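Asks:
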Amino acid sequence: MLTSQWIYEAQNGWSKLSGSDIEQAQIILVFGTGTYFINDSYKELSKKFPKSIIVGCSTSGTIAGQRVDDITVATLIYLEKGSVEIAYEDFMEAEESEDIGKNLALALNKKDLKHIFILSDGLHINGSELTQGFNKNLDNDVHVTGGLAGDGVNFEHTYVIANDSAKEKRVVAIGFYGDSLEITSGCFAGWDEFGAERLITKSKGNVLYEIDGKPALQLYKSYLADEADELPSSGLKFPISIRQSLSDKPLIRTLLGIDEEKQSLTFAGDVPEGHHCRLMKSNMDKLIDNAGLAAEHAKPSSQNADLCIAVSCVGRRIVLSQLVEEELDAIEEALGKDTLLAGFYSYGEIAPLEGLVNCTLHNQTMTLTVISEIV
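Here is the structure:
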């Protein structure tokens with residue numbers, strides 16, 4: 078397996094950043110700023126690599142090696158024995174999410190399928206239902222990872238490329254095939270829970286109306302003190318954990334918006350009635366350490382990793398601020414300097430929880446997909 082990275086600059090176009098000389102990549106992953114996707118610069122990349130499959134998405138920060146910045150980077154992947162295919166769907170309403178997952182899973186579920194990596198619209202999809210569509214239509218030995226596109230901290234427009242000009246309201250899935258491939262994943266968070274564990278008493282989809290029978294926004298603000306004046310942006314620093322029963326592993330949900338009139342909170346994933354919830358706050362050291370734990374968990378068993386695709390949450394970038402590259406250092410320390418690191422900061426991460434098979438939607442995690450090829 079060979080990899081390389083190219084960087085895009087508006088005045089100079091594409092130029093090589095690092096890695097191998099690859100004449101013909103099977104697939105190219107493009108992660109970058111919304112401006113790149115709006116301007117349809119995809120066409121320039123497709124002219125440079127006309128036989129390559131090109132997929133990608135807008136981000137809340139691009140990861141290239143040990144660098145995090147608001148740049149656009151293409152990662153070229155050449156597989157010596159393995160192969161890739163893509164399937165994608167455009168949609169109109171979030172209610173289509175589970176069917177989209179089903180259709181994409183069935184389209185890619187062919188002989189020697191090893192893994193599926195998803196890139197999705199970050200604002201209009203129901204990520205929880207999307208993952209259910211995949212889980213219900215794939216064998217247990219096929220894992221699914223990926224992420225939801227970002228738009229900085231604007232939360233206005235997200236874009237996805239699927240071998241065509243970028244569009245909103247699109248989901249693309251990449252199928253990796255072949256016995257030569259080993260693909261592993263790790264997903265860890267590092268946030269601290271605080272306050273009492275409470276019950277979600279009224280919600281619909283990803284909108285939370287009442288906690289313990291009280292208006293959700295009112296209760297949420299009571300915990301935030303002065304930070305409440307900066308909502309909804311300050312909510313990225315204070316996600317919630319949810320779990321159906323006290324014995325379950327919690328999932329994290331990031332705040333996307335508030336409604337003062339309805340006193341409701343809108344999150345980046347489902348917050349079902351009857352689930353328990355608890356507020357969370359950042360712990361810098363734990364956030365960085367858990368990025369390293371994700372890498373340790375994703376280490377391939379057979380050899381050194383060739384490529385690591387990192388999908389981290391926009392909230393982590395905001396909280397870590399100037400320390401954000403330290404979570405990439407933790408990944409490099411675990412996987413080694415020979416592993417190319419690519420990826421982006423997202424509006425949601427997709428991966429199985431530790432020890433489980435089915436994928437689910439996460440927020441505020443560092444999620445890694447590690448690809449190695451044995452030749």
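Residues in the sequence shown are numbered consecutively from 78, following my numbering. Even for Gly, the Cβ is constructed at its ideal location relative to N, Cα and C. Source: prediction; values computed, not measured.
1) Candidates 312, 258 and 171: which alpha carbon is nearest residue 446's?
2) Starting from residue 362, trace the alpha helix (DSSP H) both ways and give me its first and last residue.
3) What residues are listed by DSSP as bridge partners for residue 162?
4) Determine the extent of the alpha helix (DSSP H) in which residue 120 is found, giving its start and end residues.
5) If we count Cβ pairs, one from each stretch, closer than 8 Å, do we get three or more for the segment 376-391 versus the segment 410-417?
6) Just checking my contact of residue 132 with residue 202 at CB under 8 Å: how many whole Å lie between their CB atoms?
7) In the segment 259-323, which residue ranges form an unbroken alpha helix (DSSP H) of at least 4 residues, counting only runs that do not cross its ends?
8) What number of angstroms, rounded off, separates the C-alpha of residue 442 from the C-alpha of residue 88?
9) Given this structure, state the Cα-to-Cα distance separating residue 214 from residue 305, to the nearest angstrom.
10) Under a three-way DSSP split, which group does residue 401 fall into?
11) Name the one or two DSSP bridge partners that residue 450 has.
12) On the three-state DSSP scale, how would you describe residue 465?
13) From residue 371 to residue 262, what distance separates their C-alpha atoms?
14) Do you know whose CA, among 429, 196 and 405, lies nearest residue 238's CA?
15) Please go through the same chain and pick out, in chain order, the residues whose beta-carbon is closer than 7 Å to the beta-carbon of residue 317, but skip the five residues on each side of it.
16) Counting pairs of Cβ atoms below 8 Å between the segment 106-121 and the segment 146-160, do you hit three or more?
17) For residue 179, I'd like the list of residues in its chain whose CB is within less than 8 Å of its CB, leaving aside the five on either flank, ordered along the chain.
18) What residues in its chain sit with their C-beta under 8 Å from that of residue 321, if we drop five residues either side in the sequence?
19) Determine the closest residue to residue 315 out of 275, 286 and 269, with distance taken between C-alpha atoms.
20) Does the distance from the C-beta atom of residue 347 to that of residue 205 stay below 8 Å?
21) If we ignore side chains and look at the alpha-carbon of each, how far apart do residue 377 and residue 260 end up?
22) Could you check where the alpha helix (DSSP H) with residue 207 kicks off and where it finishes?
23) Bridge partners for residue 424 per DSSP, in chain order?
24) For residue 176, which residues in the same chain have their Cβ closer than 8 Å to its Cβ, ignoring the five residues on either side in sequence?
25) Using three-state DSSP, classify residue 86 as helix, strand or coil.
26) Between the segment 151-158 and the segment 183-194, can you find at least three pairs of beta-carbon atoms closer than 8 Å?
27) In the DSSP assignment, what are the bridge partners of residue 139?
28) May I ask which residues mark the beginning and end of the beta strand (DSSP E) holding residue 224?
29) Going by beta carbon distance, what residues of the same chain come within less than 7 Å of residue 267, once the five residues before and after it are set aside?
30) Confirm, please, whether the CB-CB distance from residue 95 to residue 81 is below 8 Å.
31) Would the beta-carbon of residue 272 fall within 8 Å of that of residue 300?
32) Between the Cα of residue 130 and the Cα atoms of 290, 246, 117 and 106, which residue gives the shortest distance?
33) Report the residue from 450, 375 and 171 whose alpha carbon sits nearest the alpha carbon of residue 282.
34) Tell me which residue opens and which closes the beta strand (DSSP E) that residue 47 is part of.
35) Taking only the alpha-carbon atoms, compute the straight-line gap between residue 290 and residue 328 and give it to the nearest angstrom.
36) To the nearest angstrom, how far is it from the Cα of residue 135 to the Cα of residue 256?
Replies: According to the structure shown:
1) 258
2) 361-375
3) 252
4) 119-125
5) yes
6) Between residue 202 and residue 132 the Cβ distance is about 16 Å, and since that is not below 8 Å, they are no contact.
7) 293-301
8) 35 Å
9) 42 Å
10) helix
11) 258
12) Given a span of 78 to 452 for the chain in the structure shown, any question on residue 465 remains unanswerable.
13) 8 Å
14) 196
15) 330, 354, 355, 356 and 357
16) yes
17) 210, 211, 213 and 214
18) 349, 351, 352 and 353
19) 269
20) yes
21) 7 Å
22) 204-212
23) Answer by DSSP bridge pairing: none, since residue 424 is not bridged.
24) 210
25) strand
26) no
27) 146 and 421
28) 220-225
29) 360, 363, 364, 366 and 367
30) yes
31) yes
32) 106
33) 171
34) The requested residue 47 does not occur in the structure, where the chain is confined to residues 78 to 452.
35) 22 Å
36) 31 Å
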